[in-house]
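For reference, the structure discussed in these notes is given below.
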Amino acid sequence: AYSGLKADIDGFYLSAYVFSAILFFITIIEIYIILTRIIFTQRRIIGALKAIGVSKKKIIMHYLMYSLTIWLISIIAGCILAIPLSEEILTFYISTLRIPYKVVVFKPSVFVMAILMSLLSCFIASIFPTLNVARTTPMEALRPYLVSMMVKGRTTLFEKIINKFCDLSISSRISLRNLFRNRIRSYSMIICIAFCVMVLFSSVALLSSFQMPIEQQYTNYELWDLRANFFTMKNISDLNKIESWDGVISVEYFISSYAVLTVRNKNVTCQLIAYQENITLHRFNIISGESLQDGKIILTYDLAEELNIEIGTNVTLEINGIKEDISVVGIDKEPLLMKTCFITLKTAYRILSVDDMANGILLDVSKDKVSEIRRKIYNVKGIKSVDVRADIYYEWERAIQSLSVMIYAMIFIGILISAALVFTMVTVDIMDRNYEIATLRVLGFKLRRLMKIITLEILLTSFIGIVLGLIFGYIVTNEYIRILAEEFSGQLFYIETYIDPIATSIVVLAIVLGILISELPSFKYIAKMDIARMVKEASL
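To convert, take the position in the sequence shown, counting from 1, and add 727; that gives the working numbering.
So this is what it looks like as C-alpha cells:
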C-alpha cells in the first residue's frame, strides 16, 4: 500500500510537470493563432492607421495590451477557480484511495509560478504577430481582400496529381485550392486540431498503458483459477487426491522459496519458483533465450538488468544454504513478476535432495466450483493461503484505478480545452470567409453546396491535424512512460506504451464530431448573410 501510494504521489509530480508543459504550449499556440487571425481581419484598419502617420510602436502596443488584458482577466478567473477546483480533485483522489482525511494547503509560490508562466506564454504568443504588423507596409495592408487572395490562387501540385487518376468536381477543387490559398487559415486549423488530438490521445494512451499490464498478466500468463500455498513441503501423492475432487480439471505443482543469486561478487535476494517442465497453467513471456529446461534457470527482466546477465551466463543459486552453479537459459518479462527466478521441479529436487514434494499447487477448475473448491482446500492440513485469480485481478484493477486519478483529471481538462479550441477555431475559420462566401453566392452556389465545400476543406485540414496529433501524442506518451518506468514502475509493475485502437478511434471520432457540431452556429450566420454588403466591402 505504501509503495503504491508513494509511486502514485511521485507520478502526480511528474504528471503535473508534463501536463503543465503541454498546457503552456497550447496556450501559446491558441493565443498566437487567434491574435494572428484578428490582425489579419483588421489589416485594412492597420494600413489606414499607418497611412495617416500612426507609429509602429503604438500599433504594436495596442495588440500587446489586448493580449495582456486577456491575460489579466484569465488570471483573475483562474485564481478564483483554482482553490475550489483543486479541493474537488483532492476530494476525488482521497475518496478513490479511501484516505480518511484531507488537508488543503495554500502555497503562494505555486500561484506566482502559474502567473509568471501564463504571462510568459502570453508574451511569447503575442510578440511575433505584433512584430509582423510592424513589417507590413500600408500598401500591402490596404490591398483589397479579393485581389490579395486571387494572387495566391493557382492549381496546386497535389491537385494535379489527383487529376491524373480522377476528375475532381468544382467543389472539390475549391476546397483543395483553399488549403494553399489562405495558408494562415489552414496552418491555424491544422495546429489546433493536432494539439487537441495530442492532448486527448496521449491521456487516453497513458490510461491504456496503465491498465494493460494487469490485463496481460492475468489473461495471457496466469492461466490458473486457484493457487494454493502450504507452510511446509507436501508429498505430491497426497496432493494428487485434490485432482479427483468434483469440479477440478487439472492440478500442477510448484515449489516456492527465497533464494540468493550471486554473479561477479554481486548478491541479490529474490523469489524462486520451481515449476514442472511442461507446465500449462503458467505461461512465460520469454523475450530472450529459451523456455524452462532441466538444469537451467530463467530470470525476470529486472533481475537480469540488475545483475547485468546475458543468456548463457553462469550464476550461483543458493537455496536454504545449498549452493548450485547454474546457467541462465532465458529472460522472462511478465508485467507483474519482478525479482523472480524459475527452475524445473527436477532441478529443485536435485539441489534440495528431495523427491516428489511441493509446497504449492495451481488448479484449473470449473467456474461455478471456484468458491466451493477454495473452501475445501482450506481444510487441507498445512494450508497457508488460497488465491483466486479473478479476485487478484479485481484488486489490481482497483489499485490501477486509484493510480489513474491524475490521468482522468488530464482527460477531463483535455476535453474542455479541446472543445473550446475546436469551437473557437472552426467559428473563426468560417467567419473569416465572408467575402469568399458572398462571391460564391453571387455566382449561384446554393447554401448546401457552400456548406459541403467548407466542411470538406475543414475536414481535409483536420485530417492532417489528426495525423500529426496522433504522431506527437504517441511521442509524448512514449517519453512520459519511459520516464515513469525508469523512476517509479519498478516498485509495482512493468509499464510500456500501449495504444488501444478502440480508444484512439473514439478520440478521433469525438474530434470530428466536435468539428461538425461547431460548424452549425456559423452556418446559421452564413444563411442570414447580407451578400450585397459583403461584396461591396470586398471590392474596397
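Here a beta-carbon is modelled for each residue, glycine too, at the ideal position from N, C-alpha and C.
Values in this document were obtained by computation on a predicted structure and should not be read as measured data.
Residue j beta carbon less than 8 Å from that of residue i
| i | j | result |
| --- | --- | --- |
| W951 | D1091 | yes |
| L1236 | E757 | no |
| C849 | S794 | yes |
| I1104 | A955 | yes |
| S913 | T1154 | no |
| D1021 | T1067 | no |
| I1053 | I1024 | yes |
| E1033 | V995 | yes |
| I766 | V860 | yes |
| L927 | P856 | no |
| F1069 | L1019 | yes |
| V1042 | L988 | yes |
| I787 | L776 | no |
| A852 | G1192 | no |
| R1116 | Y945 | yes |
| I1185 | D1156 | yes |
| L1030 | P940 | no |
| V975 | I1088 | no |
| S929 | T1204 | yes |
| S936 | E1223 | yes |
| S845 | T754 | yes |
| I963 | D1083 | yes |
| I760 | C919 | yes |
| N1012 | E1061 | yes |
| I1038 | S1015 | yes |
| I1253 | L1177 | yes |
| D1159 | T768 | yes |
Residue range of the alpha helix (DSSP H) that includes residue i
| i | result |
| --- | --- |
| Q943 | 910 to 943 |
| D965 | 963 to 966 |
| S1098 | 1097 to 1104 |
| L1008 | Neither: L1008 is in no alpha helix (DSSP H) and is coded neither H nor E. |
| L1233 | The sequence as given places Ile at residue 1233; Leu does not occur at that position. Segment 1228 to 1254, the alpha helix (DSSP H) holding I1233. |
| F850 | 835 to 862 |
| I772 | 770 to 778 |
Extent of the continuous beta strand (DSSP E) run through residue i
| i | result |
| --- | --- |
| T1074 | T1074 -> not in any beta strand (DSSP E); alpha helix (DSSP H) instead, spanning 1072 to 1079. |
| C997 | 993 to 1002 |
| I976 | 975 to 990 |
| V1113 | 1110 to 1115 |
Selection from the options that minimises the alpha carbon distance to residue i
| i | options | result |
| --- | --- | --- |
| Y1076 | N1047, G1057, I772, I1119 | N1047 |
| S983 | Q1003, N992, V990 | Q1003 |
| L847 | L858, R908, L750, P811 | L750 |
| G1200 | I1181, K1179, R1175, I1226 | I1226 |
| S1232 | K777, V931, L812 | V931 |
| N1035 | I842, E1017, V1055 | V1055 |
| P933 | I1049, Q1128, E815, L1186 | In the sequence as presented, Pro is not what sits at residue 933; that position holds Leu. Among I1049, Q1128, E815, L1186, the Cα nearest to that of L933 is on Q1128. |
| K1094 | L953, E815, L1197, A748 | L953 |
| L843 | I889, S747, V781 | S747 |
| A1259 | N947, G1016, Y1162, T1224 | Y1162 |
| L906 | W972, I1180, Y759, Q938 | I1180 |
| A1136 | K783, L817, E1124, S782 | L817 |
| I710 | Y1028, M866, M1152 | Absent from the structure is residue 710, since the part of the chain shown begins at 728 and ends at 1267. |
| E1124 | V832, E942, F833, R1160 | E942 |
| S1098 | D1114, G1109, A1085 | D1114 |
| G1109 | V831, N1086, A986, G1016 | N1086 |
| E1122 | Q938, L1026, W972, S1015 | Q938 |
| R1101 | G1057, K783, W972, T1071 | W972 |
| V715 | V1239, R1176, A1165, T1151 | Beyond the ends of the chain as shown, which are 728 and 1267, falls residue 715; an answer cannot be given. |
| I1140 | I779, S782, S813 | S813 |
| D1328 | V1107, S1112, Q769 | What is shown of the chain runs 728 to 1267, which leaves residue 1328 out entirely. |
| R862 | S1145, R770, T1040, I1144 | R770 |
| S782 | L858, N947, V1081, D1257 | L858 |
| A1165 | V837, K1255, V832 | K1255 |
| V1234 | V832, A1146, P1248 | A1146 |
| R904 | K993, K887, E1206 | K887 |
| H1009 | K1251, T1071, I1138 | T1071 |
| G1057 | G780, L1079, Y1028, C997 | Y1028 |
- Item | Any alpha helix (DSSP H) of 4 or more consecutive residues that is wholly inside the segment 1160 to 1207 | 1161 to 1169
- Considering only residues of the segment 1014 to 1091, which uninterrupted beta strand (DSSP E) runs meet the minimum length of 3 residues and lie entirely inside it, listed in chain order? 1023 to 1027, 1041 to 1046, 1049 to 1059, 1067 to 1071
- Message: Can you confirm whether the segment 954 to 973 touches the segment 1166 to 1174 when touching is taken to mean that 3 or more C-beta pairs between the two stretches lie within less than 8 Å?
- Response: no
- Counting pairs of Cβ atoms below 8 Å between the segment 796 to 810 and the segment 886 to 901, do you hit three or more? Taking a contact to require three or more Cβ pairs closer than 8 Å, the segment 796 to 810 and the segment 886 to 901 do not qualify as touching.
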